[in-house]
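> Got a structure for you, questions after.
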Amino acid sequence: ETGVTQSPTHLIKTRGQQVTLRCSSQSGHNTVSWYQQALGQGPQFIFQYYREEENGRGNFPPRFSGLQFPNYSSELNVNALELDDSALYLCASSTDRSTDTQYFGPGTRLTVL
Amino acid sequence: AQRVTQPEKLLSVFKGAPVELKCNYSYSGSPELFWYVQYSRQRLQLLLRHISRESIKGFTADLNKGETSFHLKKPFAQEEDSAMYYCALRTTGGGNKLTFGTGTQLKVEL
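And the structure:
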């Protein structure tokens with residue numbers, strides 16, 4: 023069984039740029055959730071994708087967007103980067119059952135200068 | 288809106304001492320509560336969930352709806368328990384979205 027993987031591991035961008043983060047879900051999982059974890063904070067829910075459709079969104083502006091592909095992998099896109107976007111971005115996969123456990127990836131560390 | 292509060296940023300105990308990591312939540316409905324753990328240089332992983340009512344690595348947690356708490360306990364701390372612990376809540380009808388607390392760093396000293 024392959025676990026959740028994320029790429030890249032680290033990324034440095036400047037304000038105003040755009041970034042794309044990638045996530046491969048665990049084998050057998052069709053649901054992907056994205057979380058932002060700022061320094062010293064717990065993960066905050068950004069949004070969730072199920073069968074290529076957004077299925078729930080947290081309190082994040084529209085410049086945070088995502089995609090899910092037919093193989094259930096996912097992308098998180100952030101436009102017009104701001105300094106406060108600097109954080110660890112976590113991807114978690116699960117089945118579509120609302121009671122299922124979420125399995126987290128190692129995260130992508132984004133630094134915005 | 289739901290909220291999870293972990294009042295302690297850092298908890299330091301000696302090996303063999305009891306551990307209690309506090310977690311309080313606010314949610315008007317019937318929540319599902321979890322404890323996630325992150326060991327050094329490892330990914331976030333599920334430790335236990337209240338509906339399972341099981342003991343994992345000697346840790347237990349009981350959901351107290353009256354006090355809206357889900358404290359994590361272990362009678363005798365081990366050095367390998369040193370890690371970051373996050374309490375999380377999933378609301379009914381909220382899909383599979385988790386609301387996390389800010390975490391408590393547990394340090395077990397020899």
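Residue numbers (this note's numbering), protein chains in the order written: chain A, 23 to 135; chain B, 288 to 397. We put the CB at the ideal spot given by N, CA and C, even for glycine. These numbers were taken from a predicted model, which means no experiment stands behind them.
Measure the CB-CB distance between B:Thr-275 and B:Gln-325 and report whether it falls below 8 Å.
A question about residue 275 of chain B goes unanswered here, because the residues of chain B that appear run from 288 up to 397.
> Can you name the start and end residues of the beta strand (DSSP E) that B:Glu-396 belongs to?
Taken as a continuous stretch (DSSP letters only), the beta strand (DSSP E) holding B:Glu-396 covers 391-396.
> Can you list, in chain order, the residues of its chain with a C-beta nearer than 7 Å to that of A:Ala-109? Leave out the 5 residues immediately preceding and following it.
The residues are Gln-58, Gln-59, Ala-60 and Leu-132.
> So the candidates are B:Arg-377, B:Asp-368, B:Leu-335 and B:Glu-366; which of them puts its Cα closest to the Cα of B:His-358?
It is B:Leu-335 whose Cα lies nearest to the Cα of B:His-358.
> So which residues of chain B does A:Gly-88 contact, with C-beta pairs closer than 9 Å?
Residues of chain B passing the Cβ test: none, with the nearest at roughly 14 Å.
> What residues from the region 370-393 of chain B come within 9 Å of chain A, judged by C-beta to C-beta, listed N to C?
Answer in chain order: Tyr-373, Cys-374, Ala-375, Arg-377, Thr-379, Gly-380, Gly-381, Gly-382, Asn-383, Lys-384, Leu-385, Thr-386, Phe-387, Gly-388, Thr-389 and Gly-390.
> Would you kindly work out how many angstroms separate the C-alpha atoms of B:Thr-389 and B:Leu-333, rounded to a whole number?
Approximately 16 Å between the Cα atoms of the pair.
> Along chain B, in chain order, which residues have C-beta atoms closer than 8 Å to that of A:Gly-127?
Those are Arg-330, listed as they occur along chain B.
> Quick one: which residues of the region 333-360 of chain B get their C-beta closer than 7 Å to a C-beta of chain A? List them in chain order.
From the region 333-360 of chain B, only Leu-333 have a Cβ closer than 7 Å to chain A.
> May I ask you to list the residues that DSSP assigns as paired with A:Phe-126?
Answer is A:Ala-114, bridged to A:Phe-126.
> Taking all protein chains shown into account, decide if B:Gly-345 is buried (16 or more other Cβ within 10 angstroms of its Cβ) or exposed.
Exposed: under 16 other Cβ atoms inside 10 Å.
> For B:Ala-375 versus B:Val-395, is the C-beta spacing smaller than 8 Å?
It is not a contact, given that the beta carbons lie outside the stated cut-off.
> If you measure between the beta carbons of B:Ala-370 and B:Leu-393, is that distance less than 8 Å?
It is a contact, given that the beta carbons lie within the stated cut-off.
> Go through its chain and collect everything with a Cβ distance to A:Ser-29's Cβ below 6 Å, but skip five positions before and after it.
So the qualifying residues of the chain are Arg-44.
> What's the gap between the Cα of B:Leu-308 and the Cα of B:Lys-360?
Straight-line Cα distance between these residues: approximately 6 Å.
> Opposite B:Ala-348 in the DSSP bridges: which residues?
According to DSSP, B:Ala-348 bridges with B:Leu-359.
> When you compare each of A:Gly-38, A:Tyr-94 and A:Leu-105 to A:Gly-50 by their alpha carbons, which one comes out closest?
Answer by Cα proximity: A:Tyr-94.
> Could you give the distance in angstroms between the alpha-carbon of B:Thr-347 and the alpha-carbon of A:Glu-75?
If you take the alpha carbons of B:Thr-347 and A:Glu-75, they lie about 37 Å apart.
> Closest Cβ-Cβ distance between A:Ser-49 and chain B: below 8 Å?
So, not an interface residue.
> How long is the line joining the alpha carbons of B:Val-300 and A:Pro-84, rounded to whole angstroms?
Rounded to the nearest angstrom, the two C-alpha atoms are 44 Å apart.
> To the nearest angstrom, report how far apart B:Arg-291 and B:Ser-315 are at their CA atoms.
In the sequence as presented, Arg is not what sits at residue 291 of chain B; that position holds Val. Approximately 13 Å, taken between the alpha carbons.
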